[in-house]
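In our numbering, the protein residues as written are 1316 to 1819.
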């Protein structure tokens, strides 16, 4: 139990009716979970409006509701063509400007402000968030620090791994995870902070110890996301008005705009910028049987150099590592610990090697749009493969333009494209494949089409030649395939194991 006044401390609000002197038994934003004594927060989403559930939640015994609409507007919304709806007397009604913003602060108070008991690190950017968070966690674990993680793939609390629905969870869940981390003895947490999460106030209610900007490219622009690139940049920049220390990729052309209005200290990293505080020199590609990697010297604030070896390929891996090194430098982590942590980082579905043979390299990666696929294939071509083979499909019920674009990218950069299915959802797989073929037809690229993903992977393995680099793109960490609204279990690692087992 907590008092309503305690939960609202620090918020600007108006009490429209009822008493402020009440105890709250739970904080709820899902009407199905309301019990007597609950405080219910009316969240306005893309497809639903929590204000419409007020009769339901008051009927279940909610003692307080937090709204962003006035009584007249609520009454008209719920009138059902008759007299205006009236919220029952005895129910306290608190009005705020934005219920999502209010929920972040109410949730932080409900869980006794757990972020203040943790070192909280937030990573934002178009690419690199997931890998960077795993790099940081690996280093911290090597340093003997207990580190939690919140991100696209999962939430990690000690030995518990929780499936993630969003890159950045709702603010209530963020605070609940923080609280559970504190209870389990965790001292540090690294989390991915999406532009959507920032726009929807999911990370309000606390201050980050460190905020990081990796890079920015046009993405997540459209209905229910960001209206334009300016809005995308504006939302990314919000993190740096909510952190003590900021770390920025100074090679990215958008960094000056991200820095506008910042209130944090600034530390920079980069490869091409000579004035970066932390930069990479002597970058060398590592190509050993079945393994692609990269090595470089990290020059830290011009005072010392640390040699780093990474088990993942390309310049983007160097940028991710520089980001992790910058975080560790800010926190005083020893160089040898950074080296060991980075050398042993493993991230599911991010240029993840699956070793089958020393004759060729097989990778799984989450690249599921043209921008990510081009970056990935360009990186792999630098390793001078015998052939670069790209297997991918595209998701149904998504932009058709993405299919044309990905087809064109793979046709241009791959020696062979194997077109297959991703998550067809409510569309016919062949219709999606035909769109991808339209994109490939703009190039001279060779391709085969095999709709069944397992059979497509079997073809890639059975037809592999010495020196090939084969990348299975699009699914990454996902362990399902969505067909006609049903998610069927499907993990590419299991498919590969079945194929290899059947061949033996």
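For every residue, glycine included, the Cβ atom is placed at its ideal position computed from N, Cα and C.
- Nearest to residue 1723 by alpha-carbon distance, out of 1544, 1713, 1707, 1711, is 1707.
- When the five nearest sequence neighbours on each side are left out, the beta carbons in the same chain lying within less than 8 Å of the beta carbon of residue 1755 are those of 1722, 1723, 1725, 1726, 1732, 1734, 1762, in order along the chain.
- Between the segment 1407-1426 and the segment 1605-1612 there are fewer than three inter-stretch CB-CB distances shorter than 8 Å, so the stretches are not counted as touching.
- By the neighbour-count definition (other C-beta atoms within 10 Å, threshold 16), residue 1599 is an exposed residue.
- Per DSSP, reduced to three states, the secondary structure at residue 1721 is helical.
- CA-CA distance, residue 1658 to residue 1324, rounds to 45 Å.
- Note on geometry: alpha-carbon atoms of residue 1551 and residue 1529 lie some 10 Å from one another.
- Residue 1641 carries a helical assignment under DSSP once its states are collapsed to helix, strand and coil.
- Leaving aside the five residues that flank residue 1580 on each side, the residues in its chain whose CB is nearer than 6 Å to its CB run, in chain order, 1560.
- Three or more Cβ pairs closer than 8 Å define a contact, and the segment 1353-1368 meets that threshold against the segment 1381-1395.
- Rounded to whole angstroms, the gap between the alpha carbons of residue 1713 and residue 1752 is 17 Å.
- Taking each of 1764, 1510, 1429 in turn and checking the Cα distance to residue 1441, the smallest one comes out for 1510.
- Annotation for residue 1486: the continuous alpha helix (DSSP H) segment containing it runs 1486-1498.
- Residue 1503 sits in a strand when the DSSP states are folded into three classes.
- Within the DSSP bridge table, the entry for residue 1610 names 1599, 1624 as partners.
- Collapsing the DSSP output to three states places residue 1328 in coil.
- In this structure, residue 1666 lies near residue 1628, with their beta-carbon atoms less than 8 Å apart.
- Going by DSSP, residue 1475 is part of the beta strand (DSSP E) stretching over 1475-1478.
- Between residue 1563 and the set 1574, 1477, 1375, the nearest pair of CA atoms involves 1574.
- Within 10 angstroms of the beta-carbon of residue 1809 lie fewer than 16 other beta-carbons, which makes it exposed.
- For residue 1583, the beta-bridge partners assigned by DSSP are 1563.
- In chain order, 1611, 1612 place their CB closer than 7 Å to the CB of residue 1597, counting only its own chain and leaving out the 5 sequence neighbours on each side.
- Boundaries of the alpha helix (DSSP H) harbouring residue 1422: 1414-1425, taken from the DSSP string.
- For residue 1524, the enclosing beta strand (DSSP E) starts and ends at 1523-1528.
- If you look at residue 1550, you'll find it in the alpha helix (DSSP H) that goes 1544-1552.
- Per the Cβ contact rule, the segment 1400-1416 is not in contact with the segment 1491-1501 (fewer than 3 Cβ pairs under 8 Å).
- Buried is the label assigned to residue 1635, since at least 16 other Cβ atoms lie within 10 Å of its Cβ.
- Note: residue 1463 is bridge-paired with 1504 in the DSSP secondary-structure output.
- Assigned with DSSP and collapsed to three states, residue 1456 falls in helix.
- Pairing residue 1519 with residue 1416 gives a Cβ-Cβ distance under 8 Å.
- Around the CB of residue 1795, fewer than 16 other CB atoms lie within 10 Å, so the residue is classed as exposed.
- Separation of the CB atoms of residue 1525 and residue 1642 is rounded to 6 Å, and the pair is thereby assigned contact status at 8 Å.
- Apart from sequence neighbours up to five positions away, the residues of its chain that approach residue 1375 with a beta-carbon distance below 6 Å are 1349, ordered along the chain.
- The C-alpha of residue 1437 is placed about 15 Å away from the C-alpha of residue 1582.
- Looking at the DSSP output, residue 1731 sits in a beta bridge with 1704.
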